[in-house]
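Below is one structure, written out as structure tokens; the observations come after it.
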Amino acid sequence: MSQAYARKELITGCVSVAHAIRLSDVDVIAAYPIRPYTGVMNAVAEMLGAGEFDAEYLVADSEHGQFEIGKHASMVGARAFVGSSGVGWAYAAEAIVITATNRAPVVALVGNRALDDPGAFGTEHNETLMTRDIGWMFSWASDAQEAMDLTLLSYRISEDPRVMLPSAVCADGSFVTHIKYPVEIPSQDQVDQFLPPYKRSFALHPDDPFTVAPQCNDEYVFETRKQMDEAVRREPEVVVEAHKDFSKIFGRQHEPFLEKYMMEDAEIVFIGIGSMALAARASVRELREKGKKVGFVRIKRFRPFPTDELRSLLKGRQAVGVVDVDFSFGSPNHGGVVYQEIRSALYDEPEKPPIVNFIAGLGGRPVTLATFREIADITFKTAEGGKPERNVYWIDVRV
Amino acid sequence: MECTIEEINYIESNGRGVKSDKIAREIVDTIATAALKDGKVAISYMSYGDDPVRVGIPMKAFAAVSSKWESIEGEVARYNPDRVNVSFILDPTLSKGVENWANMGRRSILEKIKPGALVIVNTTMTPEEYLNYLPKTDLDYTLITIDGGDIEKPSVLPLLGAFIAESSIVSEQALHDALGVKYLDLEKFVESPTTLKKMKVPKGAGGMPVYGPPPRLPTASEMPIAVVVPAVPEKSRNPNFKTSSSRTYKPTVDVGQCIRCKTCWIFCPDGAIDMRGDEYPSIDYDYCTGCGICVNNCPVGAIDSQIELKEEVVK
Chain V
396 MSQAYARKEL ITGCVSVAHA IRLSDVDVIA AYPIRPYTGV MNAVAEMLGA GEFDAEYLVA
456 DSEHGQFEIG KHASMVGARA FVGSSGVGWA YAAEAIVITA TNRAPVVALV GNRALDDPGA
516 FGTEHNETLM TRDIGWMFSW ASDAQEAMDL TLLSYRISED PRVMLPSAVC ADGSFVTHIK
576 YPVEIPSQDQ VDQFLPPYKR SFALHPDDPF TVAPQCNDEY VFETRKQMDE AVRREPEVVV
636 EAHKDFSKIF GRQHEPFLEK YMMEDAEIVF IGIGSMALAA RASVRELREK GKKVGFVRIK
696 RFRPFPTDEL RSLLKGRQAV GVVDVDFSFG SPNHGGVVYQ EIRSALYDEP EKPPIVNFIA
756 GLGGRPVTLA TFREIADITF KTAEGGKPER NVYWIDVRV
Chain R
-14 MECTIEEINY IESNGRGVKS DKIAREIVDT IATAALKDGK VAISYMSYGD DPVRVGIPMK
46 AFAAVSSKWE SIEGEVARYN PDRVNVSFIL DPTLSKGVEN WANMGRRSIL EKIKPGALVI
106 VNTTMTPEEY LNYLPKTDLD YTLITIDGGD IEKPSVLPLL GAFIAESSIV SEQALHDALG
166 VKYLDLEKFV ESPTTLKKMK VPKGAGGMPV YGPPPRLPTA SEMPIAVVVP AVPEKSRNPN
226 FKTSSSRTYK PTVDVGQCIR CKTCWIFCPD GAIDMRGDEY PSIDYDYCTG CGICVNNCPV
286 GAIDSQIELK EEVVK
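In order, the protein sequence lines correspond to chains V and R.
Those letters in the first sequence? Residues 396 to 794, per the working numbering, in order.
Those letters in the second sequence? Residues -14 to 300, per the working numbering, in order.
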């Protein structure tokens, strides 16, 4: 049963992603529960049970098995979906790595969750960021609508013959996965128009036997890495094309790499990832009312990193405040991961704005308007002084 | 009473895990969907820590309604709103207090209401009677009681019927449309403002003491490394997590009938029954969740349970 027309419903990010899976006609869904990701597998199971679409739905023995199923399904030419959160993602790490190296364009939902111990199911971005270097592409949603749209875009981009790499759609636990937002659900016709069938050259099949990824050591491995590097470098052009088609077909405009909020004349810039965008935008509006020239940049795609876009966007700004919902203990300046990436991206620039880093929202503590008021004060001082007084500030933590 | 229309209207629905959590969510989802049909913006969510739910545990679901997205946006990525305009209490025994997870202790059922809020309770009592079981507050509010048909699993229609009679957050037509084909007879349940059982509750009224402020949580420098929780001493129970807020039905032992067979002591899943040597069973009501397993398993029918409203406030 497919909907002929687009409709609007109040649904969570998890249900929204499940609709994207249904509409993408995914063939194999491998599942293993861990919240907040569990919301997706529950919603998919309900849709399959109601006969809304047809797919193989396998509940694995663990996240490791789950991601192996996804990879193998993709290798035989089936469109596959997996997903996890926090330590579940970490437990699947071995399968996650080979999904990329085997060039299986699986799409995963990461419901961002703090890594245990101690037990917590609130948002942190570390589980995703610890797998940032292995050829997966990461996009981050800020609400339920975007979680759906990024899932549809991910299949299109991942399965493009120029890319053939897996994608993860990241959604903050609770704030994106479990809050019900009004979401426009596209029609099957629209999705069919946007998403061509998944075709794999060298799909595994008993009639045409071959081996993928045998033991080959240094004679071949280096070259496979080079292939992946080239595929990742080709990805941005595919992203831009996919976004153009997306807005044409669905009528919703999405910036492909960076959300730029009130950035035209912004002197002070906040940068962040995920659902903090909601409080950040509200904060920017509040500060603008007071006559402060502030803007917000949301990194929507973390891999490949939007290096050129950020370089040109940050040129000439008076100060940049990077908000990390993650940690990288012992890293340069003891800052967060996003901070490190942005500093690295700007290193070769002749004129660099001063950058100050904020660690916020760890363990799922909400990043609110009040959080941004504090962040704004420090970023303004950084602009006045021309350099940060301290490199890294922990906000909203009890010390 | 006209509900004050402010920039954001929050609606809260208090239910019990497994028993009425779906009903609680259905109420806020319906109101949020109705708001969308009215051309407003709305979101709904449940307190994230309450999912997955445990049987009987107090849980909260919320809707936020506003005329424009910009006014709601800065507030939505949170677990709980600070203050609500409307509070539904789906099980009258929730007046004993709510407790989600252990670190904030027992909180007042009315903790989140704004001045002038609408409190709608599923009970056959009059508001004047029910007020005796509610904690005192330092603000005024309107208390409505409505018979939802079942003390643990009320129907959403009488509750929404009372809501729409008193509140203008959403229109009746939109609420009707939001309920859709599932409920076609909302009209029957829309209460007339004249027959509605309601009262204006002044500041300081209520039959139960005021709850204290939430506990102060330690700082990073005060905490031992990692999260260290000392073990509960032998032959005692966790003083920081009294689970009785989950209780709707309170069991009592009739010692005249009890044969001291220890069946209840063995079956109690919360270890809330003390029985040493030849003693009669003694239920620790700070920890009894009212699950009824002892009642159902007593071989001589010596344990009976009654709906419980009043309990000593947990400090």
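Glycine is no exception: its CB is placed at the ideal position from the N, C-alpha and C atoms.
Secondary structure of F462(V) (DSSP, three-state): helix. Counting the other CB atoms within 10 Å of its CB gives M31(R) a total of 16 or more, which places it among the buried residues. Secondary structure within the segment 111 to 187 of chain R: the beta strand (DSSP E) runs of 3 or more consecutive residues, fully enclosed, are 126 to 131 and 182 to 186 (chain order).
Taking V492(V) as the centre and dropping the five residues before and after it, the same chain places the C-beta of I529 closer than 7 Å to its C-beta, in chain order.
By alpha-carbon distance to M532(V), the top candidate from A778(V), V558(V) and D660(V) is V558(V).
A straight line joining the alpha-carbon of W484(V) with that of K185(R) spans about 53 Å.
For R693(V), the three-state secondary structure derived from DSSP is strand. Around the Cβ of A608(V), a 10 Å sphere holds fewer than 16 other Cβ atoms; the residue is exposed. Here the alpha carbons of I552(V) and E632(V) stand approximately 10 Å from one another.
Against chain R, a Cβ distance below 9 Å from K687(V) picks out nothing, because the smallest value is about 16 Å.
As DSSP reads the structure, N107(R) sits in a beta bridge with I131(R).
Residues of the segment 204 to 227 of chain R with a C-beta atom less than 7 Å from some C-beta of chain V are T204, A205, S206, A211 and V212, listed in chain order. Residue environment analysis places C611(V) among the exposed positions, since fewer than 16 neighbouring C-beta atoms fall within 10 angstroms of its C-beta.
Under DSSP, F47(R) forms a beta bridge with E(-3)(R) and Y30(R).
Annotated three-state conformation of T526(V) is coil, per DSSP. Ranked by Cα distance from A637(V), the options S534(V), Y452(V) and L548(V) are led by L548(V).
Of all alpha-carbon atoms in S5(R), V214(R) and Y(-5)(R), the one lying nearest the alpha-carbon of S231(R) is that of S5(R). Within the same chain, Cβ atoms closer than 6 Å to the Cβ of M470(V) are found at A499 and L599, the five residues on either side in sequence being excluded. Using a CB distance cut-off of 9 Å, D567(V) counts as an interface residue toward chain R. DSSP places P609(V) in the coil class of the three-state scheme, outside both helix and strand. When secondary structure is reduced to three states using DSSP, K621(V) falls in the helix class. Under the Cβ criterion of 9 Å, A27(R) is counted among the residues facing chain V. With respect to chain V, the C-beta atom of R63(R) has a partner C-beta closer than 9 Å. Taking the C-beta atoms as reference points, G506(V) is found nearer than 9 Å to Y432(V).
Residue environment analysis places L202(R) among the exposed positions, since fewer than 16 neighbouring C-beta atoms fall within 10 angstroms of its C-beta. The contact set of E58(R) on chain V, defined by CB atoms closer than 7 Å, consists of L673, R676 and A677 in chain order. With a cutoff of 9 Å on beta-carbon distance, V762(V) and V718(V) are scored as near each other.
In its chain, beyond the 5 residues on either side, P577, V578 and I580 have a beta carbon closer than 8 Å to the beta carbon of E404(V). Listed along chain R is no residue with a C-beta nearer than 9 Å to that of T766(V); the closest approach is about 11 Å.
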